[in-house]
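This report concerns only the one structure given below.
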Amino acid sequence: MKQLLTGADVIATQDDTRREIADGAVFVDGGWIAAIGSCAEVEAWMAQDPAARMPDRRHDLRGCVLTPGLVNGHHHLYQTLTRTIGTGGGLALFDWLKTLYPIWGRMDPDAVYLSAKLGLAELLLSGATTVADHLYMFQNGARLDDEIVAARELGVRFHPTRGSMSVGESQGGLPPDALVEAEDHILADSLRVIEQFHDPAPGSMLRIGLAPCSPFSVSAALMRESAAMARSHAQVRLHTHLAETADETRYCLDRFGLRPIDYAESLGWLGDDVWFAHVVHPDSTGIDKLAHSCSGVCHCPSSNMILASGIAPVREMIERGVRVGLGVDGSASNDGNHMLGEARQAMLLQRVGWPGFESRADRMSAREALKLATRGGASILGRDDIGSLEVGKAADMVAFRVDGIQHAGAQSDPVAALMTCSPAAAWLSIINGRVVVENGEIPGLDLRNLVRRHNQSSRRLLAAH
Ligand SMILES: [Zn+2]
């Protein structure tokens, strides 16, 4: 199908020159961008070959800013089932995890499916088009397959990671023994999902990653073997939590005699095929190691605030050459799935000072925050086919209305207003050429019924607690 989007107040392309196009238009052919420019430029392009460039469908974007689809680089979709538990009262990471592990351990395949469907729907409505998820508990028959079904139904470009926990409390890890898996089973199932679902091709709608959960829940051997397996397949990337809290740094120093990034290095876990969630507490040497190895970092500002993990030195990491993207993190440590809102949080949090670091309003601009949520996310997922709006890139784009009450008076710079004003919802979203949000709603989805079923599933988990 050919689609023509016209009349956008501004298109923030996020191309190499960060071109912004007033009165912008995009011509989408199938799953790819065939033309982009001002309305006049795209009309002239269509006139060169009118028969072949006749759109089947038109979208009027007057009153909208069009951006590349936002890329969520780190999530645990299953946590939508347990929002507010621990975060409302205020627990830090380790205590929060220990409170929630037993509840999460009761999830079944239906709970994984419903939470993924709900979390992904919420993300779509906030502008996300590509989502990386980290599922690391597989009790009661739950499988990675259960969330893949949900992503396919919604048409989300999906990077599910096969997570794992193998070191329980009795072995010095944090999770209860009942929630860890045998390492040979983890590796066998990792290979199964790669062979069954992974698509390394350009334009891929699904790529598998391997993601041992954290230094305090898996063994060094599993980290090494997961890396070897990932690297024996094209475009299978590695992901884990790293340097999230001061507690984790102490744990790594006590148990391994190394800080978290040094520990990752010792396992062969630095490289351009690795991205880490958080990295709130890198030391200077660690930042250099991340930069020189081209490892990626997924910044999760809301989670870092709500769990009191700290403020990641994002500006410093970027300036020293680290690739940084953005993630909402699990929806029980946020407790939202709002991707545009998360970019706003990143901008706000970087401006705040902390001991030894002065507050600075120019530490992150609105446009830099948008870049983190688009190009930055594409980079850490190893995708050069998404993250910007250019001819030949995948047709993933989102239009936000800027003519409503929350942007009134902000017409002087509607792109910056996406970050400085209250976060908008997606008005139109297209992924791989498919309309997934239209007039602010997901076509064909009975959202009310989904919320009802999701909450029933949530109550069942909590009732058994
Ligand atoms: Zn996480």
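Numbering (UniProt numbering), first residue to last: 1 to 465.
Using N, Cα and C, we set each Cβ at its ideal position, and we do this for glycine too.
Because the structure is a prediction, the values reported are computed rather than measured.
Determine the DSSP secondary structure at residue i, reduced to helix, strand or coil.
i, result
"C252", "helix"
"G209", "strand"
"T130", "strand"
"I430", "strand"
"R19", "coil"
"N72", "strand"
"residue 485", "This structure cannot speak to residue 485, because the chain is shown only from 1 to 465."
"C294", "coil"
"H338", "coil"
"A246", "helix"
"A92", "coil"
"D288", "helix"
"S190", "helix"
"S266", "helix"
"I36", "strand"
"R459", "helix"
"R453", "helix"
"K2", "strand"
"R351", "helix"
"M397", "strand"
Please report how far the alpha carbon of residue i lies from the alpha carbon of residue j, in whole angstroms.
i, j, result
"G271", "D446", "42 Å"
"Q79", "C421", "28 Å"
"A227", "H134", "16 Å"
"I318", "I431", "28 Å"
"I85", "T99", "8 Å"
"G127", "G69", "6 Å"
"G37", "V65", "14 Å"
"G141", "R157", "25 Å"
"D110", "D146", "7 Å"
"L4", "R53", "10 Å"
"P50", "E41", "14 Å"
"L123", "T129", "8 Å"
"N72", "L348", "18 Å"
"E43", "T6", "10 Å"
"A201", "L267", "28 Å"
"A464", "I103", "8 Å"
"P215", "R367", "34 Å"
"C294", "R323", "7 Å"
"P212", "P160", "13 Å"
"P355", "I311", "11 Å"
"E265", "G90", "33 Å"
"S204", "R152", "12 Å"
"I186", "L242", "20 Å"
"G433", "W45", "19 Å"
Measuring CA to CA, which of the options is closest to residue i?
i, options, result
"K371", "A346, R351, T285", "A346"
"L179", "G163, F197, G24", "G163"
"Q14", "I431, S429, M397, I430", "M397"
"R360", "A111, Q350, V112", "Q350"
"P55", "F27, I36, A35", "F27"
"S219", "L174, I306, G63, G141", "L174"
"R383", "G325, E438, Q196, S293", "G325"
"W32", "K393, Q411, E438, V402", "K393"
"G88", "G336, T6, Q48, D247", "G336"
"L206", "P212, H198, S331", "H198"
"V274", "D95, L238, L290, I306", "L238"
"V10", "C39, G30, T17, K2", "C39"
"R448", "V280, A121, W45, M1", "A121"
"G172", "S457, I21, L340, F256", "F256"
"G24", "D60, G296, M364", "D60"
"L428", "H233, D29, A395, L450", "A395"
Leaving out the 5 sequence neighbours to the left and right, which residues in its chain are closer than 6 Å to residue i when beta-carbon positions are compared?
i, result
"S115", "L77, Y78, T80, L81"
"T245", "L93, S309"
"A369", "A343, A346, M347, M419"
"G286", "I261"
Apart from the five residues just before and just after residue i, which ones in its own chain have a Cβ nearer than 7 Å to its Cβ?
i, result
"S284", "none"
"V193", "L144, R162, I208"
"V149", "Y113"
"A417", "V402, H407, A410"
"A425", "L125, S126, G440"
"M223", "P212, L267, W269"
Using C-beta distances below 8 Å, list every residue in its chain close to residue i, excluding the 5 sequence neighbours before and after it, in chain order.
i, result
"T374", "Q14, T67, P68, G69, L70, V71, G387, S388"
"E390", "T13, D15, I33, I36"
"P176", "Y101, P102, G105, G168, E169"
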